[in-house]
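Participant:
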Amino acid sequence: MVNPWLAMEAGADPVERTRTVRRAHAAFLADGTVAPPVRRVVADSWRRSADARAAADGAAPIDLDEAALGAYRDGHPLARAMPVFRELLGSFAQDGAHLLAVCDPQGRLLWVEGHRGVRRSAERMNFVVGARWDERHAGTNAPGTALAADHAVQIFAAEHYNRQVQRWTCAAAPLHDPRTGRLLGAVDITGGDHLASPHSLALVQATARAAEAHLAADVPELGVCLSALGRDEALLVVDGERLRLGRRHSEIMVLLARHPEGLTGDQLSVLLYGERDMRPVTLRAELSRLRHLVGTLLHSRPYRLSRHIETDLSVVEEALAAGEAQSALGAYRGPLLPLSEAPGVQRLRGALEDRLRRALLDARDPGLLHEWSRSPWGEDDLEIWEALVDALPERSPARGAPMATADRLRAAYGLTGGSAGAVRAPAAAHVATFTQPPRL
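Count along the sequence shown starting at 1, add 937, and that's the number in our numbering.
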């Protein structure tokens, strides 16, 4: 069976593959259709890129300036893994005319090292430290797609969404915190077409695993962690062992983690099912299946967890309680179990989003407001766009684009009475209370 994460099967002609994929890319940009020989992982990434309105031409945006980059990079967990990256990939990059790059979970390049001539060439497309290479900003590319798919991947030549990047080939693998299982970023090798081989993909995968092992050596007790922000199925990590939970089990674990004192069957049933008349046997069956997965972590009478669980929800809440809006936004990976209709989860989800939005609005930091506005959950948030307009200097050229977006959102929501920055939407008019507007 052909590995779908590899760019080309053995014996494939790279010139012919480039030609056929380039034609497919042009057809996709023209009418949205995609067909073989485009790999499914690439087709899915093209669709995500198009949905996010990523540019098909142009350079990736710079997200961190030199002043902000230094402090952020020094404090990032992957800084401790850089000796491993340099040992395993540094000479490969330098000797083979490649680049070694490491990015954070938002796709911001924190380190770019390697062959000097290749670095100069890559600078023309802003493949530099501080630049944003997630799919939303740079389209399909190995580090961005590895983050989106949470899997090691190669992206070959014309498979890149942005035409400026199509002369490059890259391979990247995601990295996870060994204690929590949360995504830390990705490690990438970028260079010419000869990187489209099983060797380069295996190399970045092995490097990522070695780096995670290096980070784990610094953690004496791993504990239990639950990640549920921006995920339909939560990730449970118990002493380094990762377990992806189903949707109902994800809801149960989130609710029990929130109530360490425990919940009766009736209490848990109301939080999961609301006032619907559910038979007790339904809940007992779910809990029995969950106990089969997590063992002694789940106790009963009342239903509770036998060990403390750190959740990504609590990480954001603690940062908010400390008044650290930037840290809270950095830890927020998206709405809590976004597809869950469990009343208890919906309340937690709404409360967290409201607290985080209010912290961003109160901080009036243009960078933080811009970060929220560019996210899938913030791109239609009128109040944030208007706050961004107000936070920018009146004569700033950067003010025009958010002002235009705010005006279009006001029209989509049926609000009248002035331009963005002059007339506010009603205080209760949080975007979540509106009918979703058309994409603009």
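Ideal Cβ placement from N, Cα and C applies to all residues, glycine included.
Quick check on Val-1049: buried or exposed, where buried means 16 or more other Cβ atoms within 10 Å of its Cβ?
Facilitator: As a working mapping, residue 1049 is identified with position 112 in the sequence shown. So Val-1049 ends up on the buried side.
Participant: With DSSP as the reference, label Pro-941 as helix, strand or coil.
Facilitator: By 1-based counting over the sequence shown, the position of residue 941 is 4. Residue state, collapsed to three classes: coil.
Participant: By Cβ distance below 6 Å, which residues in the same chain neighbour Glu-1382 in space, the five residues on each side in sequence not counted?
Facilitator: Outside the displayed range of the chain (938 to 1377) lies residue 1382, so it cannot be described from this structure.
Participant: Between the Cα of Gly-1304 and the Cα atoms of Ala-1328, Arg-1284, Arg-1295 and Arg-1073, which residue gives the shortest distance?
Facilitator: Residue 1304 sits at position 367 when you count from the first residue of the sequence shown. That would be Ala-1328, whose Cα lies nearest to the Cα of Gly-1304.
Participant: Within 10 angstroms of its Cβ, does Ser-1225 collect 16 or more other Cβ (buried), or is it exposed?
Facilitator: In the sequence shown, the residue the question calls residue 1225 occupies position 288. Exposed is the call here.
Participant: Please confirm whether Ala-1194 and Leu-1163 have their CB atoms less than 7 Å apart.
Facilitator: As a first step, residue 1194 is located in the sequence shown; it is residue number 257 there, counting from the start. As a first step, residue 1163 is located in the sequence shown; it is residue number 226 there, counting from the start. Yes, the pair counts as a contact, with Cβ atoms nearer than the cut-off.
Participant: CB-CB under 7 Å to Thr-970, same chain, minus the five flanking residues each way: which ones, in chain order?
Facilitator: Position 33 of the sequence shown, counted from the start, is the residue given in the question as residue 970. Same-chain partners within the cutoff: Ala-964.
Participant: Please classify Ala-1259 as buried or exposed, where buried requires at least 16 other C-beta atoms within 10 Å of its C-beta.
Facilitator: Numbered from 1 along the sequence shown, position 322 holds the residue referred to as residue 1259. Its Cβ having fewer than 16 others within 10 Å, Ala-1259 is exposed.
Participant: Expressed to the nearest angstrom, what Euclidean distance is found between the alpha-carbon atoms of Asp-1169 and Leu-1250?
Facilitator: Here residue 1169 corresponds to residue number 232 of the sequence shown, with the count starting at 1. Here residue 1250 corresponds to residue number 313 of the sequence shown, with the count starting at 1. Roughly 14 Å separates the two Cα atoms.
Participant: For Thr-1353, does the three-state DSSP call read helix, strand or coil?
Facilitator: Taking the sequence shown and counting its residues from 1, one reaches residue 1353 at position 416. Here Thr-1353 sits in coil by DSSP.
Participant: Just the C-alpha distance for Ser-1264 and Glu-1255, rounded to the nearest angstrom, thanks.
Facilitator: Mapped onto the sequence shown, residue 1264 falls at position 327. Mapped onto the sequence shown, residue 1255 falls at position 318. Going by the C-alpha atoms only, they are around 10 Å apart.
Participant: Go through its chain and collect everything with a Cβ distance to Ala-993's Cβ below 8 Å, but skip five positions before and after it.
Facilitator: In the sequence shown, residue 993 corresponds to position 56, counting from 1. Answer for Ala-993: Leu-966, Gly-1076, Tyr-1098, Asn-1099 and Arg-1100, listed in chain order.
Participant: With a Cβ-Cβ cutoff of 7 Å, do Ile-1321 and Ser-1312 count as a contact?
Facilitator: Sequence index remark: in the sequence shown, residue 1321 carries index 384 (1-based). Sequence index remark: in the sequence shown, residue 1312 carries index 375 (1-based). No. Outside cutoff.
Participant: Pull up the distance between the alpha-carbon of Leu-1306 and that of Gly-1007, whole angstroms please.
Facilitator: If you number the sequence shown from 1, residue 1306 lands on position 369. If you number the sequence shown from 1, residue 1007 lands on position 70. Distance between the alpha carbons of Leu-1306 and Gly-1007 is about 21 Å.
Participant: Thinking C-alpha only, which one of Phe-1093, Leu-1293, Arg-1238 and Val-1102 is nearest Asp-1203?
Facilitator: As a working note, residue 1203 is residue 266 in the sequence shown. When only C-alpha atoms are compared, the closest one is Arg-1238.
Participant: Taking DSSP as the reference, what is the three-state secondary structure of His-1113?
Facilitator: For the purposes of this step, residue 1113 is identified with residue 176 of the sequence shown, where counting begins at 1. Three-state DSSP puts His-1113 in a strand.
Participant: In chain order, what are the residue ranges of uninterrupted alpha helix (DSSP H) at least 4 long that sit wholly in the segment 1264-1340?
Facilitator: You should have 1280-1300, 1303-1310 and 1319-1328.
Participant: Measure from the alpha carbon of Gly-1033 to the alpha carbon of each residue in Gly-1044, Val-1055 and Ala-1018, then state which is nearest.
Facilitator: The count along the sequence shown starts at 1 and reaches residue 1033 at position 96. The option with the nearest alpha carbon to Gly-1033 is Val-1055.
Participant: Can you name the residues that DSSP bridges to Ile-1189?
Facilitator: Locating residue 1189 in the sequence shown gives position 252, where the first residue counts as 1. None, per the DSSP bridge assignment.
Participant: With distances taken Cα to Cα, identify the nearest neighbour of Ala-1165 among Arg-1104, Leu-1140 and Arg-1119.
Facilitator: Position 228 of the sequence shown, counted from the start, is the residue given in the question as residue 1165. That would be Arg-1119, whose Cα lies nearest to the Cα of Ala-1165.
Participant: Does DSSP put Trp-1105 in a helix, a strand or coil?
Facilitator: Mapped onto the sequence shown, residue 1105 falls at position 168. Coil.
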